[in-house]
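Since the structure comes first, as structure tokens, the remarks are kept for the end.
Have a look at this one:
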């Protein structure tokens, strides 16, 4: 629905779900556009996402120093705080919605921007539908974010590219390190992405440039331990060294996550162990092959590595936030900002577009199977061509004594 | 001993021990100085350190493209290959030494440069003494390297600063990520350094800039699990979130490494588990406090993170290699290049100096106890003042499609 009526009032911007290196760039884009708008009367940041609305804890962004605010472009994680709060179905329980309406009325909130992944788009959608049902005039827009890159309908998601760049760079460095001795070495690197393998596929960028994993396993295909052993042994026989990238979400054909698998004759694990999948697989290979092994989990580092953020990602993330606000002011509601890839003279460009929230929420976009090689242990050139333009450039990164200088916000709470 | 006689002949440069982000900068400094020297007739790189000499596998560095060679300044790990070969005591078994002498004679090697840590300086020292004993004229110099920063007699070691910068930056990013939700969270980060806590102390740089660990435990002090629990509970009670940095080498008063501790009533661990120390400590805290926990091991990433190398470190590492060659050509032998910190008008500068190999080998320099706070869970301003100048600046970092562009050497093998 596009409503051309000028709607004056305050806006709230909230951040939700797991942090990324550039989610604050999106928040900045939205906050800055809100502050610059003639019809948005006040810009509030919700403390810890929708929980900040429910708890009446809103930061007045108008009170912030513009220069500090701009440092959000290079500050990782969610500066306003995040949450993993799952909002109820309003038909079952509308307590939360009544409370949100109360807060919206209290602060004359007419614009709500929510920055997150699948669940957040669902939250957006439900709030918007509720407000329409009770006749409260309010425009609701989703701003995409997820390192997992699994949002439906958009070419890619802000946050993915910077994590991909971190992963590719780290894999290159680990490759150099793990091949330094003349004795045998098997190294397993575990990468985030429980259901979609986009991030693990990014390790293939390192391979493409000659210093990356020999074998890459995505959760899009069922994992077979015997095939895995055969793959590793084949590389090992020729090179004496094997670098392997696995998604945390690899699972057997029956759906059991390999990370959660218990003792079995075939998988070579001992009983349930602490430690992640990488360590488990490395130990299984050691047991079978007697090789020197090491398991490495990229853990949180891969999603908060702002020092390696891609310029393209930072700029697109900021654009997503800005476009959400500008579109809402222009009359849009119930939309998520998405990205369309447009090749101009062979050069990558990215254009924003708007998708209906209802079409986005709760779908997961996976790596196309044709971008996985025939052996099921690597990615094709199609994936490289897809990912490479996204990781380009390094955003200006303010430092203090050569360490990152993050935004220091006052976070004045609205009364 | 300083011998002013001009000694013409070839040189060998070898790399040994664990990789660092800048060991190749030292190798480059030595190789470049060797190639530029009038008296050094040929520059060989030993494949995998002293093993390359023993196996007669030497790369002819004169054959390399100078531009590619220069990329070693930004290539992590040991480009010539490394080894962990422990050379025998020549009084017990001189087989290796006879072979080294044979190779030195075969290629008319009159200069030997070895780039490594404590063990490598010991190797240097033994080779030099042997050559003197058998009357073979050869100058031997050690080039320091170790992220552990534990070499005796030098203000600091090449490699430490870049790892320290990686650790500080990563801790800042993890701090931002791990404090994003409003619920409780305890995060344990495990950092390298089995006997000396320099690297773990570097996490204190993040704390100094307001986004780092609340608690830091070095191996210089015995670890007490009850005190640890009390420390964590105290921070947890006020902040609800705790970020903890631990050295991989923390140990109980009886010397047992915490990472290797078995079941005990006090330490809260289950029986011996896979996975590192961070995961173990995190699980123990979860069991005791019911908090959400996460263990993160910085693993190899911290020692090969060339993309975050400090400019000071790269330049000093290169200088160490160059000074070794220039000093040897000038007549020095049996020395290791070391660094002296000279403050000029309050500004840090670093001057090379030479130490006797025999005084360096096999000593370990630890973090002074007075640089650890009274509670034994953090570092003092003295450590910050020591470390901060070392991590300054970012070296120019050549890239290809926004990923690191490493040196591609031809590695032509000498016949």
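Chains as they are written, first to last, in the working numbering: chain A, 1 to 415; chain B, 416 to 830. For every residue, glycine included, the Cβ atom is placed at its ideal position computed from N, Cα and C.
- prompt: Cα-Cα, which of 762/B, 506/B, 730/B and 717/B is closest to residue 444/B?
  reply: In the second chain, residue 444/B corresponds to position 29, counting from 1. Taking only the C-alpha atoms, the option nearest residue 444/B is 730/B.
task: Examine chain A for any beta-carbon lying closer than 7 Å to the beta-carbon of residue 587/B, and answer yes or no.
output: To locate residue 587/B, count along the second chain from 1; it is residue 172. Taking Cβ atoms only, chain A reaches closer than 7 Å to residue 587/B, which makes this a yes.
Residues that residue 51/A contacts on chain B, provided the C-beta gap is smaller than 8 Å: Residue numbering aside, residue 51/A sits at position 51 when the first chain is read from its first letter. Within chain B, the residues near residue 51/A are 597.
query: Three or more beta-carbon pairs under 8 Å between the stretch 373-381 of chain A and the stretch 594-602 of chain B, yes or no?
result: no
- request: With DSSP as the reference, label residue 270/A as helix, strand or coil.
  value: Counting from 1 along the first chain, the entry for residue 270/A is found at position 270. For residue 270/A, the predicted structure reports a pLDDT of 46, less than 50, and the residue's modelled location is therefore unreliable. The matter cannot be settled from this model.
- request: From the DSSP output, in three-state form, read off residue 42/A for me.
  value: As a working mapping, residue 42/A is identified with position 42 in the first chain. Correct three-state label for residue 42/A: strand.
query: Among residues of its own chain, excluding the 5 on either side of residue 4/A, which ones have a beta-carbon nearer than 6 Å to its beta-carbon?
result: Mapped onto the first chain, residue 4/A falls at position 4. Within the same chain, residue 4/A has close Cβ partners 331.
Cβ contact (3+ pairs, closer than 8 Å) linking the stretch 321-335 of chain A and the stretch 87-98 of chain A: no
task: From the DSSP output, in three-state form, read off residue 386/A for me.
output: As a position in the first chain, residue 386/A is number 386, starting the count at 1. Of the three classes helix, strand and coil, the one that applies to residue 386/A here is helix, per DSSP.
- prompt: Any contact of the stretch 63-80 of chain A with the stretch 45-52 of chain A, i.e. 3+ C-beta pairs under 8 Å?
  reply: yes
query: DSSP beta-bridge partners for residue 446/B?
result: Start at 1 with the first residue of the second chain, and residue 446/B comes out as number 31. Residue 446/B is not bridged to any residue.
- prompt: Residues of chain B with a CB under 7 Å from the CB of residue 259/A: which are they?
  reply: As a working mapping, residue 259/A is identified with position 259 in the first chain. Here the premise fails: no neighbours, minimum Cβ distance about 12 Å.
message: Under 7 Å, Cβ to Cβ, is there at least one residue of chain B near residue 358/A?
response: Here the question's residue 358/A lines up with position 358 in the first chain. No, residue 358/A does not count as interfacial toward chain B.
- prompt: When the Cα atoms are used, what is the spatial distance from residue 517/B to residue 207/A?
  reply: In the second chain, residue 517/B corresponds to position 102, counting from 1. In the first chain, residue 207/A corresponds to position 207, counting from 1. Whole-angstrom Cα-Cα distance: 40 Å.
- prompt: Just how far apart, CA to CA, sit residue 707/B and residue 83/A?
  reply: To locate residue 707/B, count along the second chain from 1; it is residue 292. To locate residue 83/A, count along the first chain from 1; it is residue 83. Using only the alpha carbons, I get a separation of about 14 Å.
message: Using a Cβ-Cβ cutoff of less than 8 Å, which residues in the same chain neighbour residue 599/B once the five nearest sequence positions on both sides are dropped?
response: Taking the second chain and counting its residues from 1, one reaches residue 599/B at position 184. Answer for residue 599/B: 651, 655, 656, 706 and 707, listed in chain order.
- prompt: How many whole angstroms separate the CB atoms of residue 9/A and residue 111/A, which I take to be in contact at a CB cut-off of 8 Å?
  reply: Taking the first residue of the first chain as position 1, residue 9/A is located at position 9. Taking the first residue of the first chain as position 1, residue 111/A is located at position 111. Sure, about 7 Å apart at Cβ, within 8 Å.
- request: Count the other C-beta atoms from every protein chain shown that fall within 10 angstroms of the C-beta of residue 687/B, then say buried if there are 16 or more, exposed otherwise.
  value: Taking the first residue of the second chain as 1, we reach residue 687/B at position 272. Low local confidence applies: a pLDDT of 44 at residue 687/B is under 50, so the model's placement there is unreliable, with the coordinate-based value given in what follows. Residue 687/B should be labelled exposed.
message: residue 318/A and residue 67/A - do their beta-carbons sit closer together than 7 Å?
response: Residue 67/A sits at position 67 when you count from the first residue of the first chain. Residue 318/A sits at position 318 when you count from the first residue of the first chain. Not closer than 7 Å, so no.
query: On the three-state DSSP scale, how would you describe residue 135/A?
result: Counted from its first residue, the first chain places residue 135/A at position 135. In the structure shown, residue 135/A sits in coil (DSSP, three-state: anything other than H, G, I, E or B).
query: Using 7 Å as the limit for Cβ to Cβ distance, is residue 592/B near chain A?
result: By 1-based counting over the second chain, the position of residue 592/B is 177. Judged by the 7 Å Cβ criterion, residue 592/B is in contact with chain A.
Status (buried if at least 16 other CB within 10 Å, exposed otherwise) for residue 126/A: Within the first chain, numbered from 1, the residue matching residue 126/A stands at position 126. Residue 126/A comes out buried.
Assigned secondary structure, residue 260/A (DSSP; H/G/I helix, E/B strand, else coil): Locating residue 260/A in the first chain gives position 260, counting from the first residue. Helix.
message: Would you say residue 420/B lies against chain A (beta-carbon separation less than 7 Å)?
response: Here residue 420/B refers to the residue found at position 5 of the second chain. By this cut-off, residue 420/B is not an interface position.
- request: Have a look at residue 6/A and residue 165/A and give me their C-alpha separation to the nearest angstrom.
  value: In the first chain, residue 6/A corresponds to position 6, counting from 1. In the first chain, residue 165/A corresponds to position 165, counting from 1. Straight-line Cα distance between these residues: approximately 41 Å.
- request: Could you list the residues in the stretch 551-577 of chain B with a C-beta less than 7 Å from some C-beta on chain A, going in chain order?
  value: none
- prompt: Can a CB atom of chain A be found closer than 7 Å to the CB of residue 610/B?
  reply: Working through the second chain from its first residue, we reach residue 610/B at position 195. It does not: the Cβ of residue 610/B has no partner Cβ on chain A nearer than 7 Å.
- prompt: Along chain A, which residues have their Cβ under 9 Å away from the Cβ of residue 496/B?
  reply: What you label residue 496/B is simply residue 81 of the second chain in a count that begins at 1. Within 9 Å Cβ-Cβ: 179, 180, 181 and 182.
- request: For residue 700/B, collect the residues of the same chain with a Cβ closer than 7 Å to its Cβ; drop the 5 residues on either side in sequence, then sort them by chain order.
  value: Walking along the second chain from the start, residue 700/B turns up at place 285. Excluding sequence neighbours, residue 700/B sits near 601, 647, 706 and 708.
message: Does chain A have any CB closer than 7 Å to the CB of residue 624/B?
response: In the second chain, counting from the first residue as 1, residue 624/B sits at position 209. Closer than 7 Å to some Cβ of chain A, the Cβ of residue 624/B qualifies, so yes.
Pairwise C-alpha distance: residue 529/B and residue 474/B: Taking the second chain and counting its residues from 1, one reaches residue 474/B at position 59. Taking the second chain and counting its residues from 1, one reaches residue 529/B at position 114. Their Cα atoms are separated by approximately 15 Å.
- prompt: How about residue 557/B and residue 768/B: are their beta carbons less than 7 Å apart?
  reply: By 1-based counting over the second chain, the position of residue 557/B is 142. By 1-based counting over the second chain, the position of residue 768/B is 353. Cβ atoms of residue 557/B and residue 768/B: not closer than 7 Å.
- request: Quick one: give me the first and last residue of the alpha helix (DSSP H) that residue 512/B is part of.
  value: Locating residue 512/B in the second chain gives position 97, where the first residue counts as 1. Per DSSP, residue 512/B belongs to the alpha helix (DSSP H) from 510-521.
field: Distance between beta carbons of residue 725/B and residue 805/B, contact taken as under 8 Å
entry: Sequence index remark: in the second chain, residue 805/B carries index 390 (1-based). Sequence index remark: in the second chain, residue 725/B carries index 310 (1-based). Contact holds; Cβ gap of about 6 Å.
message: Please return the same chain residues whose Cβ sits closer than 6 Å to the Cβ of residue 630/B, not counting the five positions on each side in sequence.
response: Taking the second chain and counting its residues from 1, the one referred to as residue 630/B is at position 215. Only 646, 659 and 792 meet the Cβ criterion.
- prompt: How long is the line joining the alpha carbons of residue 611/B and residue 764/B, rounded to whole angstroms?
  reply: By 1-based counting over the second chain, the position of residue 611/B is 196. By 1-based counting over the second chain, the position of residue 764/B is 349. Cα to Cα, the separation comes out at about 24 Å.
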